[in-house]
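Residue numbers (our numbering): 4 to 73. I have placed the structure first, in the form of structure tokens, so that the comments after it can refer back to it.
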Amino acid sequence: MSTLPLQGDHITLAQALKASGLAGSGGQAKHLVREGQVTVNGRVETQPGRKLVAGDRFQVGAGVAWTVTR
Numbered sequence: 004m005s006t007l008p009l010q011g012d013h014i015t016l017a018q019a020l021k022a023s024g025l026a027g028s029g030g031q032a033k034h035l036v037r038e039g040q041v042t043v044n045g046r047v048e049t050q051p052g053r054k055l056v057a058g059d060r061f062q063v064g065a066g067v068a069w070t071v072t073r
């Protein structure tokens, strides 16, 4: 499992995918989410603007899970 430290109170799912390197661009991140390829805390998420806070976990497909940290 990998970690992504927060710079503020939250980060959007699309921003987190880009910051973690799981998506090469914001557009690619939004596409992955809208296509249902991303899970947050074990559930498929289709809203790229979903706010993630410390403790949330996200991943693309069966790839490495990332945890948002403070």
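All C-beta atoms, glycine included, are put in the ideal place defined by N, C-alpha and C. Predicted model, so just to flag it, every value in this text is computed and none were measured.
Which whole-angstrom value describes the C-beta separation of Ser23 and Leu7, a residue pair presumed to lie in contact below a C-beta threshold of 8 angstroms?
For the purposes of this step, residue 23 is identified with residue 20 of the sequence shown, where counting begins at 1. For the purposes of this step, residue 7 is identified with residue 4 of the sequence shown, where counting begins at 1. Contact holds; Cβ gap of about 5 angstroms.
Throw me the rounded Cβ distance for the Val56 and Asp12 pair, which I believe falls under 8 angstroms.
As a position in the sequence shown, residue 56 is number 53, starting the count at 1. As a position in the sequence shown, residue 12 is number 9, starting the count at 1. The Cβ separation is near 7 angstroms, so the contact holds.
Apart from the five residues just before and just after Pro51, which ones in its own chain have a Cβ nearer than 8 angstroms to its Cβ?
Taking the sequence shown and counting its residues from 1, one reaches residue 51 at position 48. Excluding positions up to five away in sequence, the list reads Thr15, Leu16, Ala17, Ala32, Lys33, Val36 and Arg37.
To the nearest angstrom, how far is it from the Cα of Gly45 to the Cα of Arg60?
The residue given as residue 45 occupies position 42 in the sequence shown. The residue given as residue 60 occupies position 57 in the sequence shown. If you take the alpha carbons of Gly45 and Arg60, they lie about 8 angstroms apart.
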